[in-house]
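One structure is given here, and the rest of the page talks about it.
Protein chains in written order, with our numbering: chain A, 1082 to 1572; chain B, 12 to 110.
Here it is, written out as structure tokens:
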């Protein structure tokens, strides 16, 4: 195993820029690692060996020509398969998009290419990002590098496992209800959901448009911030993109690394202080809160009375939006077509195609959404959920008048065994209990690894006000400076 | 009492253009009932006078500059289509012959 794969993205970028190592060597080291371990981890759905080497050589050629390289130029990255990548298979882990090669790049992808970063391939996920374990992928599950009998979280389990297993130093995820943060927590990696509108949704295959947020995945807080800085910022192609400058998350991460949180006010969400969480998770969380106090933070308990309704509201809003968004998979413009035998009508072909192309969880959510939006049920379900969303936002606004950030465990339980929660879909939904409120509010949140419970990683979630992404990075970096990072056993 | 019946699930599946099987209906009806009973808790919140939130970003009527920018070529737009003919998406028949 090459030592290069153990370096952080910041270190790799600096070495490449200084000419200590070539981008091609760094890329090949990661491709070798993928070849060595991904048969067991299954983090990737597609590895672009040739494209990666070509992109790396282009960076090396620029450097040889005397061009100044950016901080992440030549650094490899894995991309969640829900992000459109021009000419590279993009399936959202669904059979309905098997073999689809998008004719364009997502904005996130364009920015990654412009930064000179090297895409290694596309990572596994729950189909259309609906799930919390990556078991709902149509192409088989991903296995947690900490324990290959356990799930890597979801929906972005492939991105988190690739980073935890040293197959990539960085990855892109998307977070609709916790799909970046919960995989981060259970794989001992860092994952950030930026402010909604802070990163562009253009080219992200839509699940729930009012919630979907692309974001960075890495092994350190600084690396996460460096990638955040690359992908964030206004995009005229996304009408919900916020036309404001990106908060300086890299500077905030560097400031936080000093470990001084004097004067910072941290709120513990009272409603998330134990109920439903594993004792081992709560024990690590309590130790972390004590560590925050030692760093100088002032810690107080804050009540957010409507957070208990976030999960039910989310599981009405997200399916409603998905039932509408996934109508585009109609067997006409892209993807699968089934039953076009010259006799079946268009409507029959659509129904047969969608039946064959979608997995169970996607079908369940489409049906729930169709129900919640139908006349007669709209007011009681979708309409009421939107009102609850307002009340959750008010809870956040009122909390941030008293404290700078809110903290909670990222997820109630550590990585569970494959198959443990698939029989009862609602048990799977509980993995997102603590992450969902932030999505409904729209603010940023980050999960940072803070300890182990019975040998498995536990994450701390830090939630900040809208467009105060820098604040959560400062605190995450301070926590990291005192608890360190966590390395899984050798694969 | 069940929140949703097997017949309702079958109806919703038809509306959603999902040709679900009998076995799927058996499986989904129970699962969807558990989910709906759980999410119905949103009804416990007194929210009559609360405005709904559809979106966290308070932007309206976002328009870009009215300038021509390159889009997809016809070949690119058709590149992922299951079937294309005469530079168009080809679809199965919409009306039966006898109509």
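Here a beta-carbon is modelled for each residue, glycine too, at the ideal position from N, C-alpha and C.
Within its own chain, the residues whose Cβ lies closer than 6 Å to the Cβ of residue 1288 of chain A, once the five positions on either side in sequence are excluded, are 1209, 1210, 1257 and 1403, listed in chain order. As the crow flies, the alpha-carbon of residue 1476 of chain A is around 13 Å from that of residue 61 of chain B.
When CB distances to chain B are screened at a threshold of 7 Å, not a single residue of the region 1119 to 1145 of chain A falls below it. DSSP, read as helix, strand or coil, puts residue 1273 of chain A in strand. With a 10 Å radius around the Cβ and a threshold of 16 neighbouring Cβ atoms, residue 98 of chain B comes out exposed. Classified as buried, residue 1231 of chain A has 16 or more neighbouring CB atoms from the shown chains inside 10 Å of its CB. For the C-beta of residue 1444 of chain A, the chain B residues within less than 9 Å are, from N- to C-terminus, 24, 27, 29, 31, 35 and 39. Taking the beta carbon of residue 1523 of chain A as reference, the chain B residues within 7 Å of it are 67 and 68, listed in sequence order. Note that the C-beta distance between residue 1316 of chain A and residue 1283 of chain A is below 8 Å. Under the three-state reduction of DSSP, residue 1388 of chain A is assigned to helix.
Listed as beta-bridge partners of residue 1346 of chain A by DSSP are A/1379. Residues of the region 1446 to 1468 of chain A with a C-beta less than 7 Å from any C-beta of chain B: 1447, 1448, 1449, 1451, 1452, 1461, 1464, 1465, 1466, 1467 and 1468, listed in chain order.
One thing to note: residue 1213 of chain A has its Cβ no nearer than 8 Å to the Cβ of residue 1438 of chain A. In its chain, beyond the 5 residues on either side, 1433, 1434 and 1437 have a beta carbon closer than 6 Å to the beta carbon of residue 1419 of chain A.
At a cut-off of 8 Å between C-beta atoms, residue 1216 of chain A does not count as an interface residue with respect to chain B. Residue 1498 of chain A has A/1231 as its beta-bridge partners, per DSSP.
Separation of the CB atoms of residue 1374 of chain A and residue 1560 of chain A is rounded to 12 Å, and the pair is thereby denied contact status at 8 Å. Neighbours of residue 75 of chain B in chain A, taken as residues at a C-beta separation under 7 Å, are given in chain order as 1317.
For the pair residue 1124 of chain A and residue 1265 of chain A, the CB atoms are not nearer than the 8 Å cut-off. Residues of the region 1466 to 1500 of chain A with a Cβ closer than 7 Å to any Cβ of chain B, in chain order: 1466, 1467, 1468, 1469, 1470, 1471, 1472 and 1474.
Counting along the chain, the unbroken beta strand (DSSP E) around residue 1253 of chain A starts and ends at 1251 to 1256. In the structure shown, the three-state DSSP call for residue 1531 of chain A is strand. Interface criterion met: the Cβ of residue 92 of chain B is under 8 Å from a Cβ in chain A. Closest by C-alpha distance to residue 1557 of chain A, out of A/1572, A/1191, A/1540 and A/1569, is A/1540. Around residue 1415 of chain A, the beta-carbon contacts reaching into chain B at under 7 Å are 91 and 92.
Interface with chain A (8 Å Cβ-Cβ cutoff): residue 52 of chain B is included. The CB of residue 96 of chain B never comes closer than 9 Å to any CB in chain A; the least such distance is about 13 Å. For the set A/1083, A/1118 and A/1126, the Cα lying nearest the Cα of residue 1107 of chain A is the one of A/1083. Of the other Cβ atoms in all chains shown, 16 or more fall within 10 Å of the Cβ of residue 1153 of chain A; this residue is therefore buried.
For residue 1477 of chain A, the enclosing alpha helix (DSSP H) covers residues 1465 to 1483. Straight-line spacing of the CA atoms in residue 1524 of chain A and residue 1138 of chain A works out to 38 Å.
Residue 1126 of chain A and residue 1172 of chain A do touch by the CB rule: their CB atoms are close to 7 Å apart, below 8 Å. Exclusion of the five residues before and after residue 1184 of chain A leaves 1167 as the residues of its chain whose Cβ lies within less than 7 Å of its Cβ. DSSP places residue 1351 of chain A in the helix class (H, G or I) of the three-state scheme. When secondary structure is reduced to three states using DSSP, residue 1326 of chain A falls in the coil class, being assigned neither helix nor strand.
For residue 1451 of chain A, the CB contacts under 8 Å within the same chain, skipping 5 residues up- and downstream, are 1404 in chain order.
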